[in-house]
Amino acid sequence: MQIREISVEDYEKVVVAEDKPSGLHAIIAIHDTTLGPALGGLRMWNYADEEEALNDVLRLAKGMTYKSACANTGLGGGKAVIIGDPNNDKTEERFRAMGRFVESLGGKYITAEDVGVRIEELEWIRSETRYVTGLSRKSGSSGNPSPFTARGVMRGLRACVEEAFGTSRLDNFHYAVQGLGQVGGDVARGLSMLGAWVTVTDIDENKLEEYTALPGIESVPLDEIYDVDCDVFMPCALGGILDGETIPRLKAKVVAGCANNQLLGSEDGDHLHKRGILYAPDFVINAGGIINVSMEIRPNGYDERLAVAQIENIYTALKVIFETSRRDEVTPTIAAERVAEKRLREARERNGKPVADSAPTP
Ligand code: NAD
């Protein structure tokens, strides 16, 4: 396997691997390990070329530094990508080569699942390295992170509702949930159980049928979700859905959901703020999964009770962010970045490392 290092400003290490026998072409980006080893998922995607893959992995790795810093996981930020078609190019050989690539970094980078990669492929990686998390519970790992992400979203929702409506009760409000996947589905069900009014949408008709059978849940066609006269809009499907076209349509006072990178551009965060809509930064409210996975790195191994206790802190993390946002008169996203940067700066000062100060690209 040929491994070459690329020098990228503000990143600790970026390495590209090409392995002829297996066909592996992959990149690992370690953005920052001030707070601990860099943990972030492995994505497999049909990138047009190495440059496109590099842009993606750099953006994602930096985002992981901020996410883990805000969630206090004791981890740094990193990410990995495999250039290839997730539907046709998955072989054991290729993923075992990826495992050796991860191993070559000696634990500075720890991998996990992301788009295009499932637990089965992580098991192949596991045969070559122990620096892999999020495997099945059977193998002593922390399992599927989604229920933990959903739990964190529910906890974060309480902080949002307190901030926007001055009450910690979730049941009195009307929620619009976009996407009934592993996380959004759990959230919609949880809200229904509390007695809330929930409007949902999904591209999957079977899911709509399943969820509208629950008390208080009704559905609307895909595009109408933005126009629902609700109190809280919850993006739980795709990224980049909050933009100049959708934000003016929102009736909600709060936007809080699990989807990654909900804002299309950083100006969309300002737009929400100017409209008086409280936005829960996605990388804070959706951190339940990473918090759960981070528990695997503890010296005593994974402990679900500790994971759940730390996920509860998403509530406090958002309270601090909203307070900072009010005090500094900045958007909650900028406030969250400031909280993360402060933690990184303090840790660097403790470790005697130089201080870098740059926010992640949205
Ligand atoms: P999932 O694939 O289980 O669910 C996505 C759901 O969205 C599916 O039901 C799909 O049919 C639906 N959907 C797709 N396009 C849609 C559209 N245009 N309109 C409405 N619905 C649509 O995914 P998930 O694991 O629930 O994750 C959802 C989002 O949360 C993703 O952005 C993911 O990156 C993010 N996230 C997930 C986790 C986790 O632990 N699963 C953690 C952090 C962030």
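Each residue of the sequence shown is one higher than the last, beginning at 1 in the working numbering. C-beta atoms are modelled at their ideal positions from N, C-alpha and C, and glycine is treated no differently.
What number of angstroms, rounded off, separates the C-alpha of residue i from the C-alpha of residue j?
{"i": "residue 30", "j": "residue 14", "result": "6 Å"}
{"i": "residue 274", "j": "residue 16", "result": "42 Å"}
{"i": "residue 202", "j": "residue 349", "result": "47 Å"}
{"i": "residue 46", "j": "residue 28", "result": "16 Å"}
{"i": "residue 265", "j": "residue 166", "result": "29 Å"}
{"i": "residue 358", "j": "residue 61", "result": "Residue confidence for residue 358 is low, a pLDDT of 45 falling below 50, so the modelled location carries little weight; the figure read from the coordinates is stated next. Roughly 13 Å between the two C-alpha positions."}
{"i": "residue 25", "j": "residue 221", "result": "40 Å"}
{"i": "residue 115", "j": "residue 43", "result": "5 Å"}
{"i": "residue 304", "j": "residue 250", "result": "37 Å"}
{"i": "residue 169", "j": "residue 144", "result": "28 Å"}
{"i": "residue 362", "j": "residue 109", "result": "The pLDDT assigned to residue 362 is 38, lower than 50, so where the model puts this residue is not dependable; a value taken from the coordinates is nonetheless given after this. Those two C-alpha atoms are separated by around 22 Å."}
{"i": "residue 227", "j": "residue 198", "result": "14 Å"}
{"i": "residue 211", "j": "residue 139", "result": "32 Å"}
{"i": "residue 128", "j": "residue 243", "result": "43 Å"}
{"i": "residue 3", "j": "residue 87", "result": "25 Å"}
{"i": "residue 48", "j": "residue 83", "result": "8 Å"}
{"i": "residue 103", "j": "residue 261", "result": "29 Å"}
{"i": "residue 5", "j": "residue 12", "result": "11 Å"}
{"i": "residue 209", "j": "residue 259", "result": "22 Å"}
{"i": "residue 255", "j": "residue 248", "result": "13 Å"}
{"i": "residue 347", "j": "residue 225", "result": "42 Å"}
{"i": "residue 58", "j": "residue 213", "result": "43 Å"}
{"i": "residue 356", "j": "residue 301", "result": "Reliability fails at residue 356, whose pLDDT of 49 lies under 50, so the model's placement of it is uncertain and the value that follows must be treated cautiously. So the alpha carbons of these two residues sit roughly 32 Å apart."}
{"i": "residue 8", "j": "residue 171", "result": "48 Å"}
{"i": "residue 196", "j": "residue 132", "result": "39 Å"}
{"i": "residue 329", "j": "residue 137", "result": "44 Å"}
{"i": "residue 101", "j": "residue 32", "result": "19 Å"}
{"i": "residue 360", "j": "residue 174", "result": "Bear in mind that a pLDDT of 45 at residue 360, under 50, signals an unreliable position, so the number given afterwards is only what the model happens to contain. C-alpha separation (whole angstroms): 32 Å."}
{"i": "residue 71", "j": "residue 299", "result": "19 Å"}
{"i": "residue 263", "j": "residue 269", "result": "7 Å"}
{"i": "residue 445", "j": "residue 306", "result": "The question about residue 445 has no answer, for the chain in this structure spans 1 to 362."}
{"i": "residue 253", "j": "residue 90", "result": "44 Å"}
{"i": "residue 34", "j": "residue 344", "result": "7 Å"}
{"i": "residue 176", "j": "residue 233", "result": "5 Å"}
State the beta-bridge partners of residue i as determined by DSSP.
{"i": "residue 346", "result": "According to DSSP, residue 346 bridges with nothing at all."}
{"i": "residue 199", "result": "176 and 218"}
{"i": "residue 2", "result": "18"}
{"i": "residue 32", "result": "77"}
CB of residue i to nearest heavy atom of the ligand NAD: below 7 Å?
{"i": "residue 170", "result": "no"}
{"i": "residue 149", "result": "yes"}
{"i": "residue 237", "result": "yes"}
{"i": "residue 184", "result": "yes"}
{"i": "residue 99", "result": "no"}
{"i": "residue 227", "result": "no"}
{"i": "residue 258", "result": "yes"}
{"i": "residue 286", "result": "yes"}
{"i": "residue 203", "result": "yes"}
{"i": "residue 207", "result": "yes"}
{"i": "residue 146", "result": "yes"}
{"i": "residue 181", "result": "yes"}
{"i": "residue 222", "result": "yes"}
{"i": "residue 310", "result": "no"}
{"i": "residue 2", "result": "no"}
{"i": "residue 289", "result": "yes"}
Measuring only from the beta carbon, is residue i closer than 7 Å to any heavy atom that is part of the ligand GDP?
{"i": "residue 185", "result": "No copy of the ligand GDP occurs in the structure displayed; its ligands are the ligand NAD alone."}
Give a yes or no on whether 8 Å exceeds the smallest Cβ distance from residue i to chain D.
{"i": "residue 146", "result": "This model lacks chain D altogether; it includes just one protein chain."}
* Asked: Would the segment 75-82 and the segment 32-44 be scored as touching if the rule is three or more Cβ pairs under 8 Å?
  -> The answer is yes - the segment 32-44 touches the segment 75-82, with three or more Cβ pairs under 8 Å.
* In the segment 98-181, which residue ranges form an unbroken beta strand (DSSP E) of at least 3 residues, counting only runs that do not cross its ends? -> Within the segment 98-181, the complete beta strand (DSSP E) runs of at least 3 residues are 174-178.
* Asked: Contact between the segment 94-107 and the segment 124-144: three or more CB pairs below 8 Å?
  -> A contact is defined here as three or more CB-CB pairs under 8 Å, and the segment 94-107 meets this definition with respect to the segment 124-144.
* **Meets three-Cβ-pair contact criterion under 8 Å: the segment 142-162 and the segment 298-317** => Under the Cβ criterion (8 Å, minimum of three pairs), the segment 142-162 counts as touching the segment 298-317.
* List in chain order: all unbroken alpha helix (DSSP H) runs of 4+ residues lying wholly within the segment 246-278. => Fully enclosed alpha helix (DSSP H) runs of 4 or longer: 266-274.
* Determine, using beta-carbon pairs with one atom in the segment 207-219 and one in the segment 230-242, whether at least three such pairs fall under 8 Å. => No: fewer than three Cβ pairs fall under 8 Å.
* **At least 3 beta-carbon pairs within less than 8 Å: the segment 282-291 vs the segment 142-157** => Contact holds between the segment 282-291 and the segment 142-157, because three or more Cβ pairs, one in each stretch, are under 8 Å apart.
* To do: Count the CB pairs spanning the segment 336-346 and the segment 50-69 that are closer than 8 Å, and state whether there are at least three.
  => Contact holds: three or more Cβ-Cβ distances are below 8 Å.
* Jot down the residue ranges of each uninterrupted beta strand (DSSP E) in the segment 40-93, minimum 3 residues, whole runs only, in chain order. => If one requires a minimum length of 3 residues, the beta strand (DSSP E) runs lying completely within the segment 40-93 are 42-45 and 76-83, in chain order.
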